[in-house]
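These notes concern the structure reproduced below.
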Amino acid sequence: MGHGHQHHHGHDHHHPHQHGATESGDLPEALDLTVPDEELSPGQLSRRGVLRSAGLLGAGMAGAGLVTGATGALTPAAAAGQAGRGGGRPGRLRWLAGDHHIHTQFSPDAMYRVEDQVRNGSRHGLDWMVITDHGNENHSRIGVEKVNPEIRAARETYDDTLVFQGLEWNIPSAEHGTVFVHPGSDEVRVLKQFETDYDGSVNGASGNSPANEALAIAGLDFLAEQVRRRTVRDALMLANHPARQGVDSPHEIRGWRDAQPRIAVGFEGAPGHQAAGIPAPHGQGSGRGYYTGSPGPNSFPGYPAESYRTWGGFDWMTATVGGLWDSLLAEGKPWWITANSDSHVNYADTSARPEGSDYDRDGFHGDPVYAGAGLNLGAGDFWPGQYSRTHVGARDFSYAAVMDGIRAGRVWVDHGGLIAGLDAQLNGGGRSVTLGDTLMVRRGTRVRLKLRIALAAVPNWANFVPRLARVDVIRGAVTGAVSDADSFHAPDTRVVKSWEVDQTEGTVTLTYDLGKVADPCYVRVRGTDGKRVQTGLGGADVDPHGPALDVEGDADPWEDLWFYANPMWVLPE
1 MGHGHQHHHG HDHHHPHQHG ATESGDLPEA LDLTVPDEEL SPGQLSRRGV LRSAGLLGAG
61 MAGAGLVTGA TGALTPAAAA GQAGRGGGRP GRLRWLAGDH HIHTQFSPDA MYRVEDQVRN
121 GSRHGLDWMV ITDHGNENHS RIGVEKVNPE IRAARETYDD TLVFQGLEWN IPSAEHGTVF
181 VHPGSDEVRV LKQFETDYDG SVNGASGNSP ANEALAIAGL DFLAEQVRRR TVRDALMLAN
241 HPARQGVDSP HEIRGWRDAQ PRIAVGFEGA PGHQAAGIPA PHGQGSGRGY YTGSPGPNSF
301 PGYPAESYRT WGGFDWMTAT VGGLWDSLLA EGKPWWITAN SDSHVNYADT SARPEGSDYD
361 RDGFHGDPVY AGAGLNLGAG DFWPGQYSRT HVGARDFSYA AVMDGIRAGR VWVDHGGLIA
421 GLDAQLNGGG RSVTLGDTLM VRRGTRVRLK LRIALAAVPN WANFVPRLAR VDVIRGAVTG
481 AVSDADSFHA PDTRVVKSWE VDQTEGTVTL TYDLGKVADP CYVRVRGTDG KRVQTGLGGA
541 DVDPHGPALD VEGDADPWED LWFYANPMWV LPE
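Numbered by the UniProt record's numbering, the letters in the sequence shown go through residues 1 to 573 in order.
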């Protein structure tokens, strides 16, 4: 299970940190029960106490099959050729909370030091973070290099937090994306060359055209080649706020995934900037995620008006049952969702950029300063981990394990600490798999989905304990490759089971019987506090109680909480 949203990392800055232990895969001492309480620092002991009080340490709820994630479409031949597929090798996953979309003073529209973001992300319970400053000429010229020493310093100071270096890629012919690499001696060189050669802004390649789409694929090919050559150990790309401007067309998303399925692995199921929805006068009164626009000249013309708004804080591509995400899953194509802060300037903060700060001149903003009395209620972002969390099932506590977990789809996401942990497994034929994997069984085998959900036990960062009201199972048929790469419908996908949750503490166990499965299918789950729901875009037969369309100016994110999990497939043979 994922550990609680509000644990506190006990950093003792008077003692040296052994960052090498993190690299080797050891757990932070607060989480390692082989380390006695009396050997912990006061801060580490406090963190362990919070986890114990939430029932999330020593609870034995992290067990799940350690299985490799899919890298191609789920044909029987492809699935059978993947090590561990459907085998459910015994083992335990460590669910590590993180955020892959964070900005610093090296972005023109942000302001914080790396230290500020990592310190606060750590305070809000994150185990891993990715620094992703905007791609632009200044950043490619000096920012990639100048931010690296700060990232390396944060890795040493916060030895129980994994800090990746990445950037926010202006995808040629499309929107933005997180690109990040495994730490190493060539991380700066690879990111710098990637940004210089393949960033849409740097290369004047933002508009729609076949040439720009090809440049995006070339950038993914470049990353794959750096991994193949072992210049960097690993690299990943996740598309950011994909429906915000409507410029990520379905065929482009399919094209990224198909070109490099080990590099381009998913998109933000929920964008950052969630505080933007807090109504005035207590907040900006905008739209969650800054999803307030309308079609532009580069937008895909097939997207409806509803796609330019969030639904329960989630992107339309994810929130619509039978929509674009499901259309990919129905092809048998692994494509994962995440959630993050997109932190630039944070709600209720008391700091500001210093006078005379000149990003165009220096390539970065000066260190933030105290802004005087009053809170910045006009900011649209939360601190990393304060509201959005991406939980990754990792084999150990290391950079490689987080990247492997993301690639394998062992990911669930939540807002506002709605739940404390999730263990989801498909069982059948004596086998068991977890999120992101495929259960291979004989045709006609009875298959069951088992969920164990640790309910929230401690207040979130808005100082209330969230209550889970409903859990939904969504099931779709795997129908194979589409003839039209711009398809964004999966007509055979619908909500097949819902539970009203009356329990308010402890662990909820839920079981859904898929029956005797004869044809390939997938299932995914979501849950809500039930405060804002409406019939989904596909109608009541498809989604009777889905997330509600977020209304600009009246979309308090704390009053509308959801969790979503990545899918699992069943492949009868």
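Just so it is clear, CB atoms sit at the ideal spot from N, CA and C, and this is done for glycine as well.
In this text the structure is predicted, and so the values were computed from the model without any measurement.
Using the DSSP secondary-structure output, state which residues sit across from residue 639 in a beta bridge.
Lying outside 1 to 573, the shown extent of the chain, residue 639 is not represented and no answer is given.
Straight-line gap, Tyr303 to Arg244 (C-alpha atoms, nearest Å):
11 angstroms
Taking the alpha carbon of Gly421 as the point to measure from, which residue in Thr509, Tyr399 and Ser107 has its own alpha carbon closest?
Thr509
For His282, which three-state DSSP category applies?
coil
Could you give the distance in angstroms between the alpha-carbon of Trp562 and the alpha-carbon of Arg361?
42 angstroms
Is the beta carbon of Val495 closer than 8 angstroms to that of Asp472?
yes
Quick check: what's the CA-CA separation for Pro242 versus Pro459?
31 angstroms
Output needed for Val118: all residues of its chain with C-beta closer than 7 angstroms, excluding positions within five of it in sequence on either side, in chain order.
Met129, Ala154, Tyr158, Thr161 and Val163
Bridge partners for Asn376 per DSSP, in chain order?
Asp349
Do you know offhand how far Glu573's Cα is from Trp336's?
25 angstroms
Tell me, please, which residues DSSP counts as bridged to Cys390.
For the record, residue 390 in the displayed sequence is Thr; it is not Cys. Thr390 is bridged to Gly98 and Val413.
Measuring alpha carbon to alpha carbon, tell me which residue in Ile453, Ala339 and Ser122 is nearest Gly177.
Ala339
So for Asn240, helix, strand or coil by DSSP?
strand
Residue of Val570, Pro183 and Arg467 minimising C-alpha distance to Asp502:
Arg467
Residues of its chain near Asp326, where Cβ-Cβ distance is below 7 angstroms and the 5 sequence neighbours each way are ignored:
Gly476, Ala490 and Thr493
Does the contact criterion of 3 or more C-beta pairs under 8 angstroms hold for the region 164-174 versus the region 212-219?
yes
DSSP-derived helix/strand/coil call for Asp554
strand
For Pro557, which residues from the same chain have a beta carbon less than 8 angstroms from its beta carbon, with the 5 sequence-adjacent residues on both sides left out?
Gln274, Ala275, Gly277, Ile278, Arg288, Gly313, Tyr387, His415 and Gly416
Pick helix, strand or coil for Ala330, following the three-state DSSP scheme.
helix
In whole angstroms, give me the CA-to-CA distance for His139 and Met237.
18 angstroms
Decide if Asp519 is buried, meaning its Cβ has at least 16 other Cβ atoms within 10 Å, or exposed.
exposed
Quick check on Tyr303: does DSSP put it in helix, strand or coil?
coil
Ignoring anything shorter than 3 residues or poking outside the region 445-528, list the beta strand (DSSP E) runs there in chain order.
445-455, 470-477, 494-500, 507-517 and 521-528
Under three-state DSSP, which class holds His134?
strand
Can you find the residues in the same chain that come closer than 7 angstroms, C-beta to C-beta, to Asp234, ignoring five residues on each side of it along the sequence?
Val181, His182, Val227, Ala400 and Met403
Decide if Arg442 is buried, meaning its Cβ has at least 16 other Cβ atoms within 10 Å, or exposed.
exposed
Locate the alpha helix (DSSP H) running through Leu191, then write down its first and last residues.
Glu187 to Tyr198
Would you check if the distance between the CB atom of His101 and the CB atom of Asp358 is smaller than 8 angstroms?
no
Whether or not the region 443-456 and the region 427-435 are in contact is what I'm after, with contact meaning three or more pairs of Cβ atoms, one per stretch, closer than 8 angstroms; do they touch?
yes
With 16 other Cβ atoms within 10 Å as the buried cut-off, status of Lys516
exposed
CB Tyr564 to CB Thr318, shorter than 8 angstroms?
yes
In this structure, how does DSSP classify Ile337 when only helix, strand and coil are distinguished?
strand
With a CB to CB cut of under 7 angstroms and the five nearest residues on each side skipped, what residues in its chain are close to Asn120?
Trp383 and Pro384
For Val433 versus Asp381, is the C-beta spacing smaller than 8 angstroms?
no
Residue from Ala214, Val190, Thr350 and Ser351 whose Cα sits closest to the Cα of Gln165
Val190
Cα-Cα separation, Asp367 to Leu324:
41 angstroms
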